[in-house]
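For reference, the structure is listed below as structure tokens.
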Amino acid sequence: MSAETMQAMVLERIGAALEPCTRPVPQPAAGQVLIKVEACAVCRTDLHVVDGELPDIPLPVVPGHEIVGRVEHCGEGVQSVTTGDQVGVPWLAWTCRQCRYCKRGQENLCEQARFTGYQVDGGYAEYVRGVCRLRVAF
Amino acid sequence: MRNTCVAYADYVLRFDEEVDPVATAPLLCAGLIG
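Going down the list, the sequences are from chains G and X.
End of the first sequence sits at 137 in numbering that gives the first Met the number 0; the numbers just go up one at a time, nothing left out.
End of the second sequence sits at 33 in numbering that gives the first Met the number 0; the numbers just go up one at a time, nothing left out.
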């Protein structure tokens, strides 16, 4: 049975220090997985988020986009990973898969892309939710 | 590590081999892996 709450480091105000907060553990929707974070590195881009140097930062947000953890729970329809799998979550969190860039395999240029730890809560927490569409094996 | 670019189609990357989380996490940025 998963925990109902978790500890997370949250950016409440631009330029402020991250605050330790108790938050509900996110629930994975269809196509998503819940990941128990093992490690989350600090990137310069996280500092850009904290300093407000990226546009339209939705606050509060949990930064952190270099995440390694283990799948705790799979949402409906997820077949590419299973509970206990060790996984990574990168900067790119979601793309539209419809635009000219996505169709060319340049999803990193998607104009509607969402990014982990910026527009989607990231890994400075005990758990993070990730979108799981395809599997890439290392 | 293989598949260094197509992983942009993916948002959760499964490791087929056990990795050191602390050593691996920084590599997930900017497409160094994934």
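Glycine included, C-beta positions come from ideal geometry on N, C-alpha and C.
Can you tell me whether DSSP reads residue i as helix, strand or coil?
i: alanine 112(G); result: coil
i: alanine 22(X); result: helix
i: alanine 7(G); result: strand
i: valine 49(G); result: helix
i: arginine 12(G); result: coil
i: methionine 33(G); result: Sequence check: residue 33(G) is leucine here, not methionine. Correct three-state label for leucine 33(G): strand.
i: cysteine 28(X); result: helix
i: valine 130(G); result: strand
i: valine 11(X); result: coil
i: valine 135(G); result: Residue placement at valine 135(G) is poorly supported in this model, since its pLDDT is 37, which falls under 50; the coordinates are not used for a value here.
Quick check: does the Cβ of residue i come within less than 7 Å of any heavy atom belonging to the ligand NAD?
i: proline 54(G); result: With respect to the ligand NAD, the structure offers nothing, as it holds no ligand at all.
Applying a beta-carbon distance threshold of less than 8 Å, which residues of chain X neighbour residue i?
i: cysteine 73(G); result: Chain X residues near cysteine 73(G): none, gap ~10 Å exceeds 8 Å.
i: valine 130(G); result: Tyr10, Val11
i: valine 88(G); result: Tyr10, Val11, Leu12, Leu27
i: valine 80(G); result: Val11, Arg13
i: leucine 58(G); result: What leucine 58(G) touches in chain X: nothing, since even the nearest Cβ is about 22 Å away.
Give the interface partners of residue i over in chain X, defined as CB-CB distance under 9 Å, in chain order.
i: glutamate 125(G); result: Under the 9 Å cutoff, chain X gives no residues; its nearest Cβ is about 14 Å from glutamate 125(G).
i: alanine 7(G); result: In chain order: nothing, as chain X lies at least about 17 Å away.
i: glutamate 3(G); result: The premise fails here: glutamate 3(G) is roughly 22 Å from chain X at the closest Cβ pair, so nothing lies under 9 Å.
Using a cut-off of 7 Å between C-beta atoms, extract the partners of residue i located in chain X.
i: glutamate 110(G); result: Neighbours of glutamate 110(G) on chain X: none; closest Cβ ~15 Å, over 7 Å.
i: glutamine 85(G); result: Phe14, Glu17, Val18
i: alanine 28(G); result: Going along chain X, no residue has its Cβ under 7 Å from alanine 28(G), so there is no contact; the nearest lies around 13 Å.
Under 8 Å, do residue i and residue j count as touching if we go by C-beta distance?
i: valine 32(G); j: cysteine 20(G); result: no
i: glutamate 11(G); j: leucine 58(G); result: yes
i: tryptophan 90(G); j: valine 130(G); result: no
i: glutamine 85(G); j: phenylalanine 14(X); result: yes
i: glutamate 37(G); j: glycine 68(G); result: yes
i: isoleucine 138(G); j: glycine 122(G); result: The structure shown has nothing for residue 138(G), since chain G only spans 0 to 137.
i: proline 141(G); j: aspartate 45(G); result: What the structure shows of chain G is the stretch from 0 to 137, and residue 141(G) is not part of that stretch, so it cannot be assessed.
i: isoleucine 13(G); j: valine 127(G); result: no
i: glutamine 111(G); j: cysteine 98(G); result: yes
Let me see if you follow: with CB-CB separation under 8 Å, is residue i close to chain C or not?
i: valine 61(G); result: In the displayed structure, chain C is absent; the protein chains listed are G and X.
> Name the residues in the stretch 33-53 of chain G whose C-beta lies less than 8 Å from a C-beta of chain X; which are they?
Replying inline: The stretch 33-53 of chain G vs chain X, Cβ under 8 Å: Ile34, Glu37, Ala38, Cys39, Ala40, Cys42, Thr44.
> Which residues, in order along the stretch 9-20 of chain G, keep a beta-carbon less than 9 Å from a beta-carbon of chain X?
Replying inline: For chain X, none of the residues of the stretch 9-20 of chain G brings a beta carbon within less than 9 Å of one of its beta carbons.
>> Give the list of continuous beta strand (DSSP E) stretches no shorter than 3 residues that lie fully inside the stretch 62-122 of chain G.
In response: Complete beta strand (DSSP E) runs here, min 3: 66-73, 85-88, 91-93.
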